[in-house]
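Peer 1:
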Amino acid sequence: ASTTLFPPHLYRPPSRLNMAKTAVLFLALAVLPACYSFTLSPSLFAKPAGLTRGGRGVLGLRAAETATKHVTTKSAEIMKEAKNLMPGGVSSPVRAFKSVGGEPIVFDKVKGAYVFDVDGNKYIDYVGTWGPAICGHCIDEVNDALVETLKKGTSFGAPSLNENVLAKMVIDAVPSVEMVRFTNSGTEACMGMLRLVRAYTKRDKVIKFEGCYHGHADGFLVSAGSGVITLGLPDSPGVPKGAAESTLTAQYNDLKSVEALLEANKDEIAGIILEPVVGNSGFIVPTKEFLQGLRELATKHGAVLVFDEVMTGFRIAYGGAQEHFGVTPDLTTMGKVIGGGLPVGAYGGKKEIMECVAPAGSMYQAGTLSGNPLAMTAGIKTLEILKQPGQYEQLDKNTKRLMEGILGAAKEAGHAVCGGSISGMFGFFFCEGPVNNFQDAMKSDTAKFAKWHRGMLEQGVYLAPSQFEAGFMSLAHTEEDIDATIEKAKKVFASI
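Numbered by this note's numbering, the letters in the sequence shown go through residues 505 to 1000 in order.
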């Protein structure tokens, strides 16, 4: 800012009044924040006047807030090095921002509803480490319990009491689960589940749905969701033809497509596997009739019905999607929330089926770090928090508030955007909608989404860097966070 302290036409010999004004002026310049620029009026040195509006006070200072530039220099430097160390510079593909453009931000720390990057930028976070952070990031109650467990050891490779505790909590909560096996990730849980349905039924073929993602095991990378869609990849190279041949694909929310496959492959289908709410092609909700119809078809044809609740488990209800919709599968896979932010997975179901798993049965699956004491502790504390009265009502209320605000902002700016939510899970598509399946989702304007995503990032809102991923609310988000997000969305929608 241009500052002239003593314009010639106002100069006069120093007086006590002028000396006092000058002292006050320099004191103000020393303590006021550096993020403001100032223009000093000649009237500062004239006869004192009363308070005025429009940014002028008794000193005649006019403050104009300067726009803060979104600086990510350190993130860019780290990512440049990372690309020479790891494929694409990341440990999981969707983090690379390839579908939205620009470089990813590199995290430094997280707390509550916020993430902070290495450049010091703060963001309201709606990714929540892809779902696990349902209570918020870095929760003191969970951390305190982890510290106590850490004193006992980081890994046992042997049975521990907390495995029993968490297993009982899962069995009590999830309608289909009578017995559970812990693993280290959702992918690992789905791998064990796939082998189990084949061992139990003595059949090889399974039915999955377009756009549903069940981890990166060979048999599931057929018409898969998540990063496979985000990166525009075909069914992954490296998957043997035989592995893909035993996976049949139906259309989500379309019972006739399932019936046709069952009839064409009579007595050959081991299982029907789906995300009961799709989160890996964006957020797609099933009709209750669809889920009920699958239950009936699976029973009729002797197939195992599997809900992959890695994302929805303990997220859309304490008992997962099966509690929410009132439809009970035979087996369920879980992960994310049940580890409270630590690596974990699980599969469980009817005792009759689960007793096929070694060492009770002959279907082999194992893991060095399965039942890790730290993951069990974090899971127990997280579920204890979630079981408290009113938690899911709060998630539902806040998520609806967010979605109504964002969809309203899009409509006001003339953009075609649709979406919805269940409890603490939400999503939107840049198209007219409705979106009922993978084919509908692919009509989205991904280029426009990429612009909006970048704009929101620069405004301090961290969203999944893909049109085809769900978003997540946490108990740590406040109404102020949500209102701020909506206001920022309005700005960005108006600019694209």
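Ideal Cβ placement from N, Cα and C applies to all residues, glycine included.
1. What are the boundary residues of the beta strand (DSSP E) that Cys753 is part of?
2. Leaving out five residues on either side along the sequence, give the residues of the same chain with a beta carbon under 8 angstroms from the beta carbon of Ala913.
3. Which residue marks the beginning of the beta strand (DSSP E) containing Val684, and which one marks its end?
4. Could you tell me which residues DSSP puts in a beta bridge with Leu778?
5. Does Cys860 come out as helix, strand or coil in the three-state DSSP assignment?
6. Quick one: what's got a C-beta closer than 8 angstroms to Asp949's C-beta in the same chain, skipping five residues either side?
7. According to DSSP, is Asp612 helix, strand or coil?
8. Provide the residue(s) that pair with Ala850 in DSSP beta bridges, ordered along the chain.
9. From Gly723 to Ala649, what does the alpha carbon distance come to, in whole angstroms?
10. With a threshold of 16 other CB atoms inside 10 Å of the CB of Pro552, please say whether the residue is buried or exposed.
11. Alpha carbon to alpha carbon, how far is Ala870 from Leu766? Give it in angstroms, no decimals.
12. Measure how close the beta-carbons of Val614 and Val622 come, nearest whole angstrom, since I'm counting them as under 8 angstroms.
13. Would the beta-carbon of Val619 fall within 8 angstroms of that of Tyr630?
14. Can you grab the Cα-Cα spacing for the pair Met867 / Lys855, in whole Å?
15. Going by DSSP, which residues form a beta bridge with Ala821?
16. Using a Cβ-Cβ cut-off of 6 angstroms (strictly less than) and excluding sequence neighbours within five positions of Ala586, which residues of its own chain qualify?
17. In chain order, what residues of the same chain lie with their CB nearer than 6 angstroms to the CB of Lys952, ignoring the 5 residues before and after it?
18. Ignore the nearest five residues each way along the sequence and tell me which others in His981's own chain have a CB closer than 7 angstroms to its CB.
19. Go to Phe997, then tell me how far its alpha helix (DSSP H) extends in each direction, as first and last residue.
20. Between Ile776, Phe976 and His574, which lies nearest to Leu906 when the distance is taken from Cα to Cα?
21. Can you name the residues that DSSP bridges to Ser489?
22. Using CA atoms only, rank isn't needed, just tell me which of His718, Leu752 and Cys639 is closest to Ile884.
23. Could you tell me which of Leu725, Val674, Asn876 and Asp676 sits nearest to Leu698, measuring between CA atoms?
24. Is the beta carbon of Gly843 less than 8 angstroms from the beta carbon of Pro636?
25. How far does the alpha helix (DSSP H) with Val831 in it reach, from first residue to last?
Peer 2: For this structure:
1. Counting from one through the sequence shown, the residue named residue 753 turns up at place 249. Sequence check: residue 753 is Thr here, not Cys. Counting along the chain, the beta strand (DSSP E) containing Thr753 begins and ends at Thr751 to Ala754.
2. In the sequence shown, counting from the first residue as 1, residue 913 sits at position 409. Result list for Ala913: Ile990, Ala993, Lys994 and Phe997, in chain order.
3. Within the sequence shown, residue 684 is the residue found at index 180, counting from 1. Secondary structure note for Val684: its beta strand (DSSP E) is the uninterrupted segment Met683 to Thr687.
4. Along the sequence shown, read from residue 1 onward, the residue named residue 778 stands at position 274. DSSP lists Phe811 as partners of Leu778.
5. Within the sequence shown, numbered from 1, the residue matching residue 860 stands at position 356. DSSP places Cys860 in coil when its eight states are reduced to three.
6. On the sequence shown, residue 949 is found 445 positions in, with the first residue counted as 1. Ala920, Phe934 and Cys935.
7. Here residue 612 is taken as the residue at index 108 of the sequence shown, counted from 1. Note: Asp612 maps to strand in three-state DSSP.
8. On the sequence shown, residue 850 is found 346 positions in, with the first residue counted as 1. Paired residue(s): Phe686 and Met838.
9. Here residue 723 is taken as the residue at index 219 of the sequence shown, counted from 1. Here residue 649 is taken as the residue at index 145 of the sequence shown, counted from 1. Between Gly723 and Ala649, the C-alpha separation is close to 38 angstroms.
10. Against the sequence shown, residue 552 aligns to sequence position 48. Because Pro552 sits at a pLDDT of 38, beneath the cut-off of 50, its placement in the model cannot be relied upon, and the following sentence gives the value as read from the coordinates. Exposed, because fewer than 16 other Cβ atoms sit within 10 Å of the Cβ of Pro552.
11. As a position in the sequence shown, residue 766 is number 262, starting the count at 1. As a position in the sequence shown, residue 870 is number 366, starting the count at 1. So the two alpha carbons sit approximately 32 angstroms from each other.
12. Taking the first residue of the sequence shown as position 1, residue 614 is located at position 110. Taking the first residue of the sequence shown as position 1, residue 622 is located at position 118. Actually they are not in contact, since the Cβ atoms of Val614 and Val622 sit about 13 angstroms apart, beyond 8 angstroms.
13. Reading the sequence shown from its first residue, position 115 is the one you call residue 619. Reading the sequence shown from its first residue, position 126 is the one you call residue 630. The answer is no: Cβ separation not under 8 angstroms.
14. Counted from its first residue, the sequence shown places residue 867 at position 363. Counted from its first residue, the sequence shown places residue 855 at position 351. So the two alpha carbons sit approximately 14 angstroms from each other.
15. Reading the sequence shown from its first residue, position 317 is the one you call residue 821. The partner list for Ala821 (beta bridge, DSSP) reads Gly817.
16. Translated into the one-based positions of the sequence shown, residue 586 becomes position 82. Same-chain partners within the cutoff: Gly593.
17. Along the sequence shown, one-based indexing puts residue 952 at 448. If we look at Lys952 and ignore the five residues flanking it on each side, its Cβ neighbours are Phe934.
18. Residue numbering aside, residue 981 sits at position 477 when the sequence shown is read from its first letter. For His981, where only same-chain residues beyond five positions count, the Cβ hits under 7 angstroms are Ala617 and Asn902.
19. Looking up residue 997 in the sequence shown gives position 493. That run of the alpha helix (DSSP H) goes Glu983 to Ser999.
20. In the sequence shown, counting from the first residue as 1, residue 906 sits at position 402. Comparing Cα-Cα distances from Leu906 to each of Ile776, Phe976 and His574, the minimum goes to Phe976.
21. A question about residue 489 goes unanswered here, because the residues of the chain that appear run from 505 up to 1000.
22. Position 380 of the sequence shown, counted from the first residue, corresponds to residue 884. Checked all of His718, Leu752 and Cys639; the closest Cα to Ile884 is Cys639.
23. Taking the first residue of the sequence shown as position 1, residue 698 is located at position 194. For the residues Leu725, Val674, Asn876 and Asp676, the minimum Cα distance to Leu698 belongs to Leu725.
24. As a working note, residue 843 is residue 339 in the sequence shown. As a working note, residue 636 is residue 132 in the sequence shown. Cβ atoms of Gly843 and Pro636: closer than 8 angstroms.
25. For the purposes of this step, residue 831 is taken as residue 327 along the sequence shown, with counting starting at 1. Element bounds for Val831: n/a, residue is neither H nor E.
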